[in-house]
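Working notes for the structure below.
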Amino acid sequence: MDSRSPNILYIHSHDTGRYVQPYGHAVSTPHLQRLAEGGVLFRKAFCAAPTCSPSRASLLTGQHAHNSGMLGLAHRGFSLNDYRQHLLYTLRPAGYHCALIGEEHLSKDHRTIGYDLVCEVEGFHASVVAPAAIKLLRETLARPFYLSVGFFETHREFLKPCTARDANYTLPPAPLPDTPETRRDLGAFKASARDLDQGIGAVLNALDETGLAENTLVICTTDHGIAFPRMKGNLTDHGIGVMLIMRGPGGFRGGKVCDALVSH
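Sequential numbering from 48 applies to the sequence shown in my numbering.
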């Protein structure tokens, strides 16, 4: 491991809960699986709020939503009481160059959060965000960096329709009914999760190819549960249970699993 301050790569998605391969679900996400096998998988991780902006604000400020001011969605006018509460204002005095690509959902205008660099991209889907992140990693980021990479997936509306195979061989999690309509809907979620995984994998591959992985802490999580009835927006395990995978600089073989209760 490099003795210098480690870079930080913060990867985050929308509405994914724990419905990915490393948590035992029949959702093919091999790149997330690879990340887990080189890091630590937190099996009982929870967000601090069951909706997008309050959850994200809690993670990035270390405060509950009623303290930070982010009581609702940023695009509906809610905001932090003081954006200096954001993690980047702690990292910058320590010498970090702070950059954002994609969605962070803490302000109507991401440029007002305070990042040194905000990458302007057309939309926040993996097909756009991942190439922009790769370009930054290969060309322009000062070191050490804090890079926030936000993917729109697996938020609705799902870009790709469900395949017949996914519909036929999908079991909706309780309390969802096991009906053809629900299976098709969950199949479309799976397609979105695969797109997310491909984007994450491309970014992680770039980290390896540039030699940055040996001195980069990778944090991968989501904001809350999946966007299905009685899940997202609800204070249940389905609503606030989240994936959380962390890999220290260089990682290690075999992967570790943490069963302790942890929260954003």
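In this text, a Cβ means the ideal position worked out from N, Cα and C, and glycines have one as well. Here the structure is a predicted model, which means the values were calculated and not measured.
Taking the beta carbon of residue i as the centre, do at least 16 other beta carbons fall within 10 Å, making it buried, or is it exposed?
| i | result |
| --- | --- |
| residue 230 | buried |
| residue 309 | exposed |
| residue 152 | buried |
| residue 150 | buried |
| residue 200 | buried |
| residue 198 | buried |
| residue 140 | exposed |
| residue 189 | exposed |
| residue 58 | buried |
| residue 207 | exposed |
Is residue j closer than 8 Å to residue i when the C-beta atoms are compared?
| i | j | result |
| --- | --- | --- |
| residue 147 | residue 251 | no |
| residue 194 | residue 56 | yes |
| residue 87 | residue 293 | yes |
| residue 104 | residue 155 | no |
| residue 277 | residue 269 | no |
| residue 257 | residue 237 | no |
| residue 130 | residue 240 | no |
| residue 254 | residue 184 | yes |
| residue 68 | residue 75 | yes |
| residue 327 | residue 246 | Nothing about residue 327 can be reported from this structure: the residues present for the chain run from 48 to 311 only. |
What are the boundary residues of the alpha helix (DSSP H) that includes residue i?
| i | result |
| --- | --- |
| residue 284 | 284–287 |
| residue 229 | 227–256 |
| residue 267 | Counting along the chain, residue 267 falls outside any alpha helix (DSSP H), though it belongs to the beta strand (DSSP E) covering 263–269. |
| residue 154 | No alpha helix (DSSP H) holds residue 154; DSSP gives it neither H nor E. |
| residue 176 | 173–186 |
| residue 209 | Note, residue 209: premise wrong, no alpha helix (DSSP H); not H, not E. |
Which residue marks the beginning of the beta strand (DSSP E) containing residue i, and which one marks its end?
| i | result |
| --- | --- |
| residue 91 | 87–93 |
| residue 54 | 54–60 |
| residue 307 | 303–310 |
| residue 294 | 291–294 |
| residue 144 | 144–149 |
I'd like to confirm something about residue i: is its beta-carbon nearer than 7 Å to some heavy atom of the ligand SAM, or not?
| i | result |
| --- | --- |
| residue 142 | Looking for the ligand SAM in the displayed structure turns up nothing, as the structure carries no ligands at all. |
Out of the options, state which residue places its alpha-carbon closest to the alpha-carbon of residue i.
| i | options | result |
| --- | --- | --- |
| residue 133 | 207, 110, 123 | 110 |
| residue 234 | 60, 72, 59 | 72 |
| residue 63 | 303, 178, 210, 244 | 244 |
| residue 89 | 80, 97, 178 | 80 |
So residue i and residue j are supposed to be a Cβ contact under 8 Å. How far apart are they, rounded?
| i | j | result |
| --- | --- | --- |
| residue 301 | residue 93 | Between residue 93 and residue 301 the Cβ distance is about 25 Å, and since that is not below 8 Å, they are no contact. |
| residue 102 | residue 271 | 5 Å |
| residue 158 | residue 165 | 5 Å |
| residue 54 | residue 262 | 6 Å |
| residue 192 | residue 143 | 6 Å |
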